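Residue numbers (the working numbering): 27 to 768.
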């Protein structure tokens with residue numbers, strides 16, 4: 027097989043001295059290795075490419091993987107083109123009465139032969155057209171010969187071929203191409219740790235240019251949209267307009283491509299497996315209805331697909347209306363009032379009661395000064411909405427009368443299109459969306475001032491002084507003696523080997539620092555074993571509750587906050603490794619979302635801890651060099667505020683994308699702090715806090731509390747340490763479970 031493969035590649039690959047030779051740039055993107063030839067089966071090409079990669083045949087591996095990518099792209103383009111061609115074919119269009127959606131009890135008592143003949147005749151004619159079109163473009167067998175399984179689709183969606191290509195290019199010493207392939211993979215897999223390290227290595231190589239880090243598969247609508255937003259942000263509306271218009275047109279084209287893919291056979295195969303044969307059971311009409319419903323569901327979710335950036339799992343909400351708003355704004359800035367009216371009317375098709383759009387429309391019409399009967403919404407948007415609503419009507423009908431499921435991806439769907447019997451369920455589903463959860467409004471200072479005075483704490487800097495929102499610096503939470511106790515606790519725990527699973531000297535963020543971590547439960551267990559002093563372990567519990575009380579009083583007085591995780595962390599500079607150091611002790615990030623510096627967006631989705639709502643850093647010392655906390659703009663580059671650690675100083679802030687932050691490198695000494703995260707969600711309360719509290723109770727307290735009625739751990743947040751701690755039993759009788767250390 028390998029010999030045959032090498033022979034085939036000898037014919038396909040360019041000879042020595044061609045564009046494959048070192049020193050000559052290779053065309054970006056996908057290059058056609060066999061000009062004029064129809065695409066080959068992507069799954070076979072991909073499998074052969076992986077075999078060549080495993081055998082160390084780097085050039086053949088690259089060639090086969092590129093050809094697999096080209097074939098996948100050609101297959102999707104053919105399906106889209108043939109779908110558009112055959113939809114306009116005479117006799118292949120479905121009767122309009124069928125596309126409008128059924129009414130309950132419609133057609134009863136009527137002769138079905140007329141619509142039945144029309145339906146089947148159109149279906150047969152469309153199938154004939156699609157088969158012939160695919161055969162012309164793809165060769166004998168058409169799409170049936172090139173059928174792609176779901177596993178391969180997922181691999182290509184994750185851009186896995188580029189992971190292999192970057193390593194093969196590296197072995198071929200084509201560093202620019204290796205960097206481009208690595209970047210292309212990393213865009214879609216931003217949490218891939220190995221690729222993160224590879225990218226850092228490429229950036230340090232002298233043979234790699236900054237422009238090499240380009241995404242070879244960025245959808246064109248995102249490229250145009252981001253360019254338009256950047257120009258609009260620089261007040262260059264005239265230059266932004268063509269890019270924004272291009273973005274909208276490309277978005278609609280990408281939408282059509284996605285919809286065409288919904289009719290492919292692999293969709294049916296996947297759904298039949300998931301539905302355990304749904305569509306193949308029952309009679310002819312049940313099978314037709316089942317497959318048609320799956321196609322409509324797929325088409326509806328294409329809006330979410332085009333609104334999702336590569337590497338993200340959640341779409342930008344209201345992506346198409348957002349583009350129309352930007353277009354309206356740009357047209358108004360350059361004085362194109364007719365076009366501004368057109369886009370405002372298009373927005374009102376989505377949201378008829380949108381006050382901003384109606385206000386702008388009235389302003390534009392007043393400036394035009396005369397009636398313009400020819401002005402109306404954009405035709406492409408009208409077509410999109412009418413078609414989408416017709417499909418939604420059919421899907422809701424199937425949901426009500428056939429028992430199917432449908433999660434409407436659009437927030438703009440009129441309530442009248444949802445059957446009354448389903449409206450409550452749809453409303454409940456919409457309320458589960460994470461972007462609908464609004465945080466409580468902060469209260470005037472009088473709501474928290476008394477708490478600060480009671481604790482002896484002073485407000486050093488508020489959000490305004492820190493150039494941001496929901497940020498504060500509070501001093502006086504610890505005395506120097508208390509800082510000393512906690513520092514000794516961290517030192518004793520580290521000496522006993524408690525490093526929170528960070529594999530000895532390596533930090534999870536930089537190789538130039540030691541990182542030591544201690545959880546409240548680990549501290550309690552070590553205190554019980556006599557490895558560390560119980561005073562420090564108890565103080566750790568008390569202080570964490572002290573921080574929770576103040577954070578709740580300052581930021582969330584009307585909604586209880588619960589401790590989500592408590593971590594005593596120390597970072598120590600490694601001697602001899604600080605010369606010309608360029609990295610950070612902790613890179614810029616947000617605590618409950620994945621920060622995308624290129625777009626300024628923060629995606630509240632895994633692997634981020636999405637349930638974290640407020641963060642706190644309580645510092646224990648300042649006898650070290652570097653290590654200041656800093657806040658940035660969403661671009662992760664522009665520093666907006668910086669805070670120097672000191673004993674008893676708390677920096678508290680909301681955990682979202684409004685507060686990107688990082689830590690400057692610790693270049694000398696040891697920096698220790700208590701990191702705490704809080705949540706509004708009781709189900710994410712730190713159970714180890716309760717377990718640690720039970721372990722640290724004195725025997726006398728336990729004897730007294732045995733006589734008291736036990737309180738379920740789920741009733742309320744832990745009481746302040748000044749009150750008697752209540753005992754919480756482990757109902758199973760098993761020893762407390764130890765948290766998997768960070």
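Just so you know, even glycine gets a beta-carbon here, dropped at the ideal spot from N, CA and C. Note that the structure is a prediction, hence the values are computed from the model and not measured.
In angstroms, rounded to a whole number, what distance separates the CA positions of residue i and residue j?
i, j, result
"residue 82", "residue 88", "11 Å"
"residue 372", "residue 442", "20 Å"
"residue 489", "residue 711", "27 Å"
"residue 553", "residue 595", "18 Å"
"residue 583", "residue 408", "47 Å"
"residue 499", "residue 333", "38 Å"
"residue 680", "residue 415", "39 Å"
"residue 182", "residue 247", "19 Å"
"residue 150", "residue 422", "27 Å"
"residue 310", "residue 424", "17 Å"
"residue 187", "residue 211", "8 Å"
"residue 253", "residue 322", "33 Å"
"residue 585", "residue 518", "37 Å"
"residue 287", "residue 103", "9 Å"
"residue 702", "residue 339", "27 Å"
"residue 731", "residue 220", "Caution applies to residue 731, whose pLDDT of 43 falls short of 50 and renders its modelled position unreliable; the value that the coordinates give is listed next. The alpha-carbon atoms of residue 731 and residue 220 are separated by roughly 52 Å."
"residue 57", "residue 96", "Caution is warranted here: a pLDDT of 44 is assigned to residue 57, below 50, making its placement in the model unreliable, and no coordinate value can be reported."
"residue 223", "residue 324", "37 Å"
"residue 243", "residue 344", "23 Å"
"residue 235", "residue 199", "14 Å"
"residue 375", "residue 578", "42 Å"
"residue 541", "residue 105", "54 Å"
"residue 29", "residue 80", "Here the model assigns residue 29 a pLDDT of 42, short of 50, so the residue's position is not dependable and the matter cannot be decided."
"residue 155", "residue 114", "10 Å"
By alpha-carbon positions, which one of the options ends up nearest to residue i?
i, options, result
"residue 515", "355, 675, 556", "556"
"residue 285", "251, 94, 256, 327", "327"
"residue 624", "416, 369, 256", "256"
"residue 569", "663, 651, 700, 447", "700"
"residue 548", "592, 198, 178", "592"
"residue 92", "262, 192, 566", "192"
"residue 603", "536, 577, 352", "536"
"residue 356", "597, 268, 666, 382", "268"
"residue 249", "666, 274, 228", "274"
"residue 148", "116, 551, 177", "116"
With residue i and residue j assumed to form a contact (beta carbons below 8 Å), what rounded beta-carbon distance in angstroms separates them?
i, j, result
"residue 611", "residue 691", "5 Å"
"residue 685", "residue 513", "So it is not a contact: roughly 27 Å between Cβ atoms."
"residue 563", "residue 722", "6 Å"
"residue 258", "residue 266", "4 Å"
"residue 289", "residue 109", "7 Å"
"residue 171", "residue 67", "7 Å"
"residue 213", "residue 241", "5 Å"
"residue 90", "residue 74", "5 Å"
"residue 483", "residue 576", "6 Å"
Return yes when the Cβ of residue j is within less than 8 Å of the Cβ of residue i, no when it is not.
i, j, result
"residue 377", "residue 318", "no"
"residue 215", "residue 330", "no"
"residue 359", "residue 370", "no"
"residue 670", "residue 599", "no"
"residue 714", "residue 545", "yes"
"residue 698", "residue 660", "no"
"residue 688", "residue 619", "no"
"residue 589", "residue 574", "yes"
"residue 207", "residue 225", "no"
"residue 404", "residue 450", "no"
"residue 665", "residue 643", "no"
Starting from residue i, trace the alpha helix (DSSP H) in both directions and tell me its first and last residue.
i, result
"residue 562", "560–581"
"residue 321", "310–332"
"residue 497", "Here residue 497 belongs to no alpha helix (DSSP H); instead the beta strand (DSSP E) covers 497–501."
"residue 190", "186–197"
"residue 547", "546–554"
"residue 409", "405–427"
Would you kindly report the start and end of the unbroken beta strand (DSSP E) that includes residue i?
i, result
"residue 691", "Per DSSP, residue 691 belongs to no beta strand (DSSP E) and is neither H nor E."
"residue 642", "640–645"
"residue 597", "588–599"
"residue 485", "484–487"
"residue 613", "612–615"
"residue 651", "650–652"
"residue 668", "665–669"
How about residue i: is its Cβ closer than 7 Å to a heavy atom in the ligand SAH?
i, result
"residue 377", "By its list of ligands, the structure shown contains no ligand whatsoever, and the ligand SAH lies outside what it can speak to."
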